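Engineer:
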Amino acid sequence: MSNPMMYEKPQPDYGQQNVLQQQQPGFAPNMNAAQGGGNRNVLNKPYNGQGERDWSYGICDCTGDMGTCCLACWCPCVQYSKNKTRLDFLDRNGRPEPHGGEACGSGCWAYGCLTGWLGIGWVLQIGTRGDVRRRYRVEGGICGDLFASWCCHSCAMTQESREIKLEETHYQTI
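Plus 23 on top of the position in the sequence shown (first one is 1) and you've got the numbering used here.
Given below as structure tokens:
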């Protein structure tokens, strides 16, 4: 039963402009969201809406590091192993591998055997390329990783190595 003498007091309309909202800071594209490690975007490449960016160097820029390019071309198992161990060391320890990566480790042997026996050593590179992309928030996907590794494994390995090297070099300037 309602009392005719009782009425609801009108509530003031504050509008959106007067409402104070508080929230925790979120991811901003230029933030390094991962823990540990150095600067993962040394060249300050712009991020897209998903917080991803382009590779620091294009796949055809492999001649920018001729030593790595030649090693990846003529001894891809060694370059694969070096990239893999450098990346794993950065992930585990948050600092560069002191010896520049393991040249003749288990990764080299696995890549060499798969290439020698079946001609498919590049398959291992797909996973490492994906790991590099995730660490550095580089846009792309498994299809792009597959085609880069299959069609031009030496250029792809050089591109990955240069991306890792940028972070490693940043440690020397800190």
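Glycine is no exception: its CB is placed at the ideal position from the N, C-alpha and C atoms.
Computed from a prediction, not measured in an experiment: that's the story for all the values here.
For Thr138, which residues of its own chain have a beta-carbon under 6 Å away from its beta-carbon, when the five flanking residues on both sides are left out?
Structural biologist: As a working note, residue 138 is residue 115 in the sequence shown. Excluding sequence neighbours, Thr138 sits near Gly144.
Engineer: Please report the straight-line C-alpha distance between Gly167 and Gln195, rounded to a whole angstrom.
Structural biologist: Indexing the sequence shown from 1 puts residue 167 at position 144. Indexing the sequence shown from 1 puts residue 195 at position 172. Going by the C-alpha atoms only, they are around 32 Å apart.
Engineer: Are there 16 or more other CB atoms within 10 angstroms of the CB of Pro199, so buried, or fewer, so exposed?
Structural biologist: Summary: the structure shown does not reach residue 199, with the chain confined to residues 24 through 197, and so no result is reported for it.
Engineer: Of all the options Asn106, Asn116, Leu169 and Tyr70, which has the alpha carbon lying nearest to the alpha carbon of Glu125?
Structural biologist: As a position in the sequence shown, residue 125 is number 102, starting the count at 1. Nearest of Asn106, Asn116, Leu169 and Tyr70 to Glu125, Cα basis: Asn106.
Engineer: Taking the alpha helix (DSSP H) that Val155 belongs to, which residues open and close that run?
Structural biologist: Here residue 155 corresponds to residue number 132 of the sequence shown, with the count starting at 1. Val155 -> alpha helix (DSSP H) spans Trp145 to Tyr159.
Engineer: For Ser129, count neighbouring Cβ atoms within 10 angstroms of its own Cβ and tell me buried if that reaches 16, exposed if not.
Structural biologist: Walking along the sequence shown from the start, residue 129 turns up at place 106. Burial call: exposed.
Engineer: So Pro119 is in the alpha helix (DSSP H); what residue range does that whole segment cover?
Structural biologist: Start at 1 with the first residue of the sequence shown, and residue 119 comes out as number 96. It is not in any alpha helix (DSSP H) - Pro119 carries neither H nor E in the DSSP assignment.
Engineer: Considering only DSSP beta bridges, list what Arg76 is partnered with.
Structural biologist: Here residue 76 corresponds to residue number 53 of the sequence shown, with the count starting at 1. Answer by DSSP bridge pairing, in chain order: Tyr70 and Val161.
Engineer: Classify Arg76 as buried or exposed, calling it buried when 16 or more other Cβ atoms lie within 10 Å of its own Cβ.
Structural biologist: Sequence index remark: in the sequence shown, residue 76 carries index 53 (1-based). The residue is buried, with at least 16 neighbouring Cβ atoms inside 10 Å.
Engineer: Around the C-beta of His122, are 16 or more other C-beta atoms found within 10 angstroms, so that it is buried, or is it exposed?
Structural biologist: Within the sequence shown, residue 122 is the residue found at index 99, counting from 1. By the 10 Å Cβ count, His122 comes out exposed.
Engineer: Just curious, the alpha helix (DSSP H) that Gly3 is in, first and last residue?
Structural biologist: Only positions 24 to 197 of the chain appear in this structure, which leaves residue 3 out of reach.
Engineer: Quick check: Glu162 and Asn71, are their CB atoms within less than 8 Å of each other?
Structural biologist: By 1-based counting over the sequence shown, the position of residue 162 is 139. By 1-based counting over the sequence shown, the position of residue 71 is 48. Cβ atoms of Glu162 and Asn71: closer than 8 Å.
Engineer: Is Cys174 helix, strand or coil when you go by DSSP?
Structural biologist: Position 151 of the sequence shown, counting from 1, holds the residue named residue 174. Three-state result, Cys174: helix.
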